[in-house]
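Right, one structure below, let's go through it.
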Amino acid sequence: MTSTDFPKPTLIPVNGVELEVFEAGRENAGRPIVLCHGWPDHAFTWRQQMPALAAAGYHVIAPNQRGYGNSSSPAEVTDYDIEHLSGDLVALLDHYGYQDATFIGHDWGAFVVWGLTLLHPTRVNKVINLSLPYQERGEKPWIEFMEDMLGGDFYFVHFNRQPGVADAVFEDNTAQFLRNLYRKNQPPPEPQPGMALINLARAQTPLGEPIMSDSELAVLVSAFETSGFTGGINWYRNLDRNWRLLADVDSIIHQPALMIYGDRDPVARPENLAEFVPNVEVVCLDCGHWIQQEKPEETNQAILKWLDKRNDA
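Just so we're aligned: 228 in full-length UniProt numbering is position 228 of the sequence shown, and the numbers increase by one with no gaps anywhere.
Below you can see the structure in the form of structure tokens.
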């Protein structure tokens with residue numbers, strides 16, 4: 001599926017906002033799969049999964065979540081906490097008349113899918129997440145913990161402690177930042193002072209190889225030139241709030257789950273994943289962070305094989 005034949009979106013009112021939603025396989029009503037993108041991303045990230053899932057008999061629903069694309073971008077930072085983000089997805093199910101669905105998330109989308117499953121367990125029948133594993137809720141709020149461990153220049157911490165600074169740099173260098181970010185097979189980074197993503201946005205020369213064609217990258221550049229980056233970064237600014245919001249929920253994911261890792265992805269893997277996700281199967285692919293774009297066929301095969309097995313069980 002190319003940038004020219006990606007589905008046309010529909011604006012759907014949910015949970016006090018409008019989401020820009022892309023669909024495939026509407027004729028497969030009754031078998032919903034919802035695809036949740038990460039940061040800084042777009043529903044277009046799923047362009048190579050949507051046709052395969054639709055061909056396998058699923059109704060594929062890929063929203064631009066709040067803060068992205070032509071979806072609403074509320075002004076209040078707290079409007080991007082896990083209650084709001086998961087509430088959008090519940091309301092999306094209600095819009096289509098679905099009691100539950102299979103949810104697939106990548107990066108921040110995976111965090112939202114984990115949180116949705118904890119907060120609204122009856123609305124999720126299966127979980128498939130890429131890159132970001134379940135995040136254990138420790139004794140200290142997440143940003144405080146990261147600041148202690150990784151310092152103030154770590155981008156999660158920087159986004160919270162210096163609001164607006166990174167947003168402005170990314171918006172001043174939108175095309176260059178996204179070009180430099182969406183790469184594969186990069187050499188190990190040289191240590192540099194400052195915040196790594198700000199340095200990346202200002203770098204004149206990209207490293208490694210592009211994972212998108214110029215026309216594909218142009219879809220993301222156009223989207224972020226319209227929306228800006230603040231809505232998406234506000235997701236990070238709610239991490240400690242999310243830590244508090246999840247304090248009293250059952251911390252175990254009871255649904256069947258598939259976790260797909262990239263062997264060269266810098267995102268850390270927990271040793272105790274099965275403690276919190278007891279019904280998990282793990283698949284590892286030879287790629288970096290942008291798993292479904294770097295290895296689309298292998299990703300599709302892993303997802304469909306797992307779904308077939310679960311559906312036959």
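No residue lacks a Cβ here, since even glycine has one placed at the ideal position from N, Cα and C.
- Assignment of P63 by DSSP, reduced to helix, strand and coil, places it in the strand class.
- Judged by their CB atoms, F224 and T174 are nearer to each other than the 8 Å cut-off.
- In this model, A24 and P9 are separated by some 11 Å (Cα to Cα).
- The Cβ atoms of A56 and L304 lie closer than 8 Å to each other.
- A contact between stretches requires three or more CB pairs, one per stretch, nearer than 8 Å, and the region 119-137 fails this requirement with the region 150-164.
- Straight-line measurement puts the Cα of A268 at about 18 Å from the Cα of P187.
- Beta-bridge pairing by DSSP links F103 to V34 and V127.
- Ranked by Cα distance from Q292, the first of P163, D265 and L200 is D265.
- Looking at H95, D88, S227 and A62, the one whose alpha-carbon comes closest to that of M50 is A62.
- Around the C-beta of D263, fewer than 16 other C-beta atoms lie within 10 Å, and the residue is accordingly described as exposed.
- In this chain, the alpha helix (DSSP H) harbouring P296 covers P296 to D312.
- Taken atom to atom, the span from the alpha-carbon of A168 to that of G231 is near 12 Å.
- Nearest C-alpha to V249 among G151, R123 and L118: L118.
- Restricting attention to A196, E209, P189 and I198, the CA atom closest to the CA of Y182 is found in E209.
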